[in-house]
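**Q** Let me give you the structure first, and then I'll get to my questions.
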Amino acid sequence: MKSAIIKFLKKREEYISGEEISDSLNISRQALWKNIQNLRDLGYDIVAVPHLGYKLVSRPDRMFPWEIQQDLDTKFIGRNIYYYDTVPSTMDVAFEAGVNDLSMPEGSIFLSETQTKGKGRLGRGWSSPKYKGLYLSLVLKPKILPSQASLLTLLTAVGICEAVKEIKGAGAKIKWPNDILINDKKAAGILTEINAETDIIHFVVIGIGINVNNDKKALPAGAVSLKEETAEHIDRVYLLQEVLRCIEKNYLLFKQGQAKEIIDKWRGLNTTLGRRVKVNLQTGHLEGEAVDIDADGALLLRKDSGLTQRITAGDIVHCR
Ligand code: BT5
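Residue numbers (the working numbering): 38 to 357.
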């Protein structure tokens, strides 16, 4: 009901009578008043004037599912939202839910206002200050081999860059494999985890962390937020809608067998290819020129010996 009332109030900028709202939504005036009180408790500024009715003045900076789903024009991504004020990590919540409920719809998202143990790759952390960024995990169920899962990281990275460009014209670039950089500083990260057997994927959880309204002094070294970059407070709900829309657009291309188109877009958005890079593998280091990525999203590194090595996972440092 909260969502229906908010939708109604957003339709017009002037006062709307309680009678009109309660008649249209088929609830009593008393129930309407109670819901308005609840919405105010959630941070909505709604004024009530006798004989005139109610007017929505502002909404809080919160990622309420009904806000995200209003005007969200995706087919399935974000149609099912689990929203939390705080969790240790949205990855763990999503993964556990995926295991416990095999019929969970593809495109479900797990979203939190903060994380107490936000995860990066290889046991690293993800700084997740409350109400400042976007922290979500998206559940997908693609019919692909586990070895192709990196393509999902790739298409998510492309989707995030397209969304950021859409919203602020900020030129986000991709650093292989999972970093989104703005002016060479990290603005977002992607963490892809799979639940699979040898050659069957049950589901994939794609974790997305984006620095949105973080203040400079609270960011880790080498990081940037969209607010710092654009000098403007960003509407996180609108940004998330764009992110979901752009990821779905690319995922649908991928499902239609058009991975090549995504890889081409990735090439146009990346900042790694053509550079000398150092690759930190768990077994040691490699150095060479990042020449391309292959059809599965692996990095092709031309070593000084002239031999090309395929890198499927690892951290890279851009040398120049
Ligand atoms: C990543 O790992 O970049 C993947 C980050 C994924 C975070 C999302 S948030 C929603 C979901 N739930 C989770 O628990 N995680 C996912 P990696 O490439 O390993 O980078 C981690 C490194 O980035 C850290 O060691 C820090 O150096 C740096 N870092 C940590 N927090 C950051 C932030 N907010 N912005 C930029 N860099 C950060």
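Glycine is no exception: its CB is placed at the ideal position from the N, C-alpha and C atoms. Please read all numbers here as calculations on a predicted model, not as lab measurements.
Would a C-beta distance cut-off of 8 Å place residue 118 and residue 105 closer than the cut-off?
**A** yes
**Q** Quick check on this structure: which residue in 185, 122, 78, 350 has the alpha carbon closest to the alpha carbon of residue 238?
**A** 185
**Q** Within the continuous beta strand (DSSP E) that includes residue 282, where are the two ends?
**A** No beta strand (DSSP E) contains residue 282, which is instead part of the alpha helix (DSSP H) from 273-292.
**Q** In angstroms with no decimal places, state the Cα-to-Cα distance between residue 163 and residue 45.
**A** 38 Å
**Q** Alpha carbons only, please: which of 176, 250, 204, 134 is nearest the one belonging to residue 98?
**A** 250
**Q** May I have the straight-line CA-CA distance separating residue 150 from residue 100, to the nearest angstrom?
**A** 7 Å
**Q** Does the distance between the C-beta of residue 145 and the nearest non-hydrogen atom of ligand 1 fall short of 7 Å?
**A** no
**Q** In terms of alpha-carbon separation, which member of 349, 328, 291 lies closest to residue 317?
**A** 349
**Q** In the DSSP assignment, what residue or residues form a beta bridge with residue 339?
**A** 326, 345
**Q** Any contact between the region 175-183 and the region 204-211? By contact I mean 3 or more CB pairs, one from each, below 8 Å.
**A** The region 175-183 makes no contact with the region 204-211; the number of CB pairs closer than 8 Å stays below 3.
**Q** Considering only DSSP beta bridges, list what residue 95 is partnered with.
**A** Per DSSP, 82.
**Q** If you drop the 5 nearest sequence neighbours on each side, which residues of the same chain put their C-beta closer than 8 Å to that of residue 107?
**A** 40, 43, 44, 47
**Q** Let me check understanding here. Comparing Cα to Cα, which of 71, 299, 197 lies closest to residue 263?
**A** 197
**Q** What residues are listed by DSSP as bridge partners for residue 197?
**A** DSSP output for residue 197 lists no bridge partner at all.
**Q** What are the boundary residues of the alpha helix (DSSP H) that residue 57 is part of?
**A** For residue 57, the uninterrupted alpha helix (DSSP H) run begins and ends at 55-62, by DSSP.
**Q** Over the uninterrupted beta strand (DSSP E) stretch that includes residue 229, give me the two end residues.
**A** Note, residue 229: beta strand (DSSP E), 222-234.
**Q** Determine whether the beta carbon atoms of residue 20 and residue 154 lie at a separation below 8 Å.
**A** Residue coverage of the chain in this structure runs from 38 to 357, which leaves residue 20 outside it and unanswerable.
**Q** Enumerate in chain order the residues of its own chain whose CB-to-CB distance from residue 128 is below 7 Å, with the five nearest sequence positions on each side excluded.
**A** 156, 174, 228, 230, 242, 244
**Q** Could you tell me the distance, in whole angstroms, from the CA atom of residue 269 to the CA atom of residue 147?
**A** 27 Å
**Q** Can you determine whether any heavy atom of ligand 1 sits closer than 7 Å to the C-beta of residue 229, and answer yes or no?
**A** no
**Q** Please list, in chain order, all residues of the same chain as residue 324 whose beta carbon is under 8 Å from its beta carbon, the five residues on each side excluded.
**A** Cβ within range, chain order: 313, 314, 315, 316, 340, 341, 356.
**Q** For residue 69, which residues of its own chain have a beta-carbon under 8 Å away from its beta-carbon, when the five flanking residues on both sides are left out?
**A** 42, 55, 58, 59, 62
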